[in-house]
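> Have a look at the structure that comes next, please.
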Amino acid sequence: IIFIHIIKVILVLRFIQGFALAFQIVPARAMIADLYQGKAFYKHINYSTCAFGLAPIIGPVLGGILVFYFNWQACFMFILLYSIVVLLVLLGTKTNTNNSKKPLSLRKNILSYLSLLSHSRFMLTTITASLLISTSIMITIFSPFFMQKVLGYNPKTYGYIALSFGVSWFLGNTANRFLLDFPLAKKT
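Each residue of the sequence shown is one higher than the last, beginning at 332 in this note's numbering.
And the structure:
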């Protein structure tokens with residue numbers, strides 16, 4: 332992406348990049364499910380959500396500063412260097428979190444998926460959560476254009492505006508972490 336100047340190619344590569352990144356959420360949550368149960372599981376899932384929430388806080392601010400002082404390619408150079416560091420750390424600390432000795436069964440997996448897909452409450456919850464998450468992603472995608480092209484803010488200023496969105500997300504997830512200790516009857 333760093334050396335490409337054709338917008339259609341950049342968009343295709345960004346799609347592939349986003350698609351690949353989305354695959355990282357499942358193994359991260361699976362490792363948490365392998366390592367923790369009960370209230371500890373919910374706490375660590377919330378910690379991972381907070382960690383994922385740091386990207387919308389740090390990303391626009393850092394990206395705005397990099398674009399303001401360098402150029403748009405600096406954002407992708409930073410992502411490349413950061414990815415290399417994370418890959419090296421993961422390769423150095425690779426452990427197996429699933430100690431199950433049960434063989435995988437394709438038939439059981441298909442039946443499990445069919446059971447989930449036929450459960451109306453699960454599907455309604457999944458669709459609702461997907462729509463809420465996609466709305467958040469759409470705001471993240473379109474707000475730089477709107478803030479910079481329509482409202483006339485520079486990239487650095489947009490980064491600071493986006494910071495308020497990210498901080499709100501992070502504070503909401505942090506508050507959720509502390510609400511885990513409240514009895515369910517008091518939450519509803």
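Ideal Cβ positions, reconstructed from N, Cα and C, are used throughout, including at glycine.
In the structure shown, what three-state DSSP assignment does PRO486 receive?
It is helical.
> Between ASN504, PRO475, TYR367, which lies nearest to TYR491 when the distance is taken from Cα to Cα?
Ranking ASN504, PRO475, TYR367 by Cα distance to TYR491 puts PRO475 first.
> Can you find the residues in the same chain that come closer than 7 Å, C-beta to C-beta, to PHE407, ignoring five residues on each side of it along the sequence?
Closer than 7 Å at the Cβ level, and outside the excluded window around PHE407, lie ILE332, ILE333.
> Once you ignore the five residues that flank VAL398 on each side, which residues in its own chain have a CB closer than 6 Å to its CB?
PRO486.
> Determine the direct distance from the alpha carbon of PRO391 to that of GLY497, and round the result to whole angstroms.
Straight-line Cα distance between these residues: approximately 9 Å.
> Three or more beta-carbon pairs under 8 Å between the region 501-510 and the region 372-386, yes or no?
Touching, yes.
> Kindly indicate which three-state DSSP category ILE388 falls into: helix, strand or coil?
Of the three classes helix, strand and coil, the one that applies to ILE388 here is helix, per DSSP.
> Hey, LEU494 and ILE337: beta-carbon distance below 9 Å or not?
Going by C-beta atoms, LEU494 is not nearer than 9 Å to ILE337.
> For HIS450, collect the residues of the same chain with a Cβ closer than 6 Å to its Cβ; drop the 5 residues on either side in sequence, then sort them by chain order.
Taken in chain order, the list of residues that qualify is empty.
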